[in-house]
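Numbering (the UniProt record's numbering), first residue to last: 1 to 110. Note that beta-carbon positions come from the ideal geometry of N, C-alpha and C, so glycine has one too.
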Amino acid sequence: MKYSNSELRRLLNHVITSKKDTELAKTLKEIESNRDYIDNVQLPKLLKLHDHSFKAKCVDPMFDLYEKHCPILEHDANIQNRTALVDRDLRVIEMTLALIKSGKETKKQP
Numbered sequence: 001m002k003y004s005n006s007e008l009r010r011l012l013n014h015v016i017t018s019k020k021d022t023e024l025a026k027t028l029k030e031i032e033s034n035r036d037y038i039d040n041v042q043l044p045k046l047l048k049l050h051d052h053s054f055k056a057k058c059v060d061p062m063f064d065l066y067e068k069h070c071p072i073l074e075h076d077a078n079i080q081n082r083t084a085l086v087d088r089d090l091r092v093i094e095m096t097l098a099l100i101k102s103g104k105e106t107k108k109q110p
């Protein structure tokens, strides 16, 4: 079939100005509405589910371990502090003994 230029222009104008949706336009609208539904409904639900799952699998067990072992760590820290105090006291006693010995030696010399 051969169409004249005016016939082709009329058909093209009819296609361009048509208000009727084509199958392609209907499919495109469906895809866009599905995308909106996925972005606005399913994705937030998935993120929330993932957050709860991550929290249940990782965060909560780590917090439980922290609560279980924290008193032990605090006790060990107290032991370290007490050890440092005892070490300091021993140095003071050693220095005092050294000063007493040197004081006795100076009294004996004259």
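query, result
"C-beta contact flag for D39 and K29 at 9 Å", "no"
"Proximity test, R88 beta-carbon vs the ligand COA heavy atom, cut-off 8 Å", "Among the ligands in the structure shown, none appear at all, so the ligand COA cannot be discussed."
"Local conformation of S102 per DSSP, three classes", "helix"
"Element boundaries [alpha helix (DSSP H), containing D36]", "E23 to Y37"
"Those runs of the alpha helix (DSSP H) which lie wholly inside the segment 31-79 and span at least 4 residues", "43-54"
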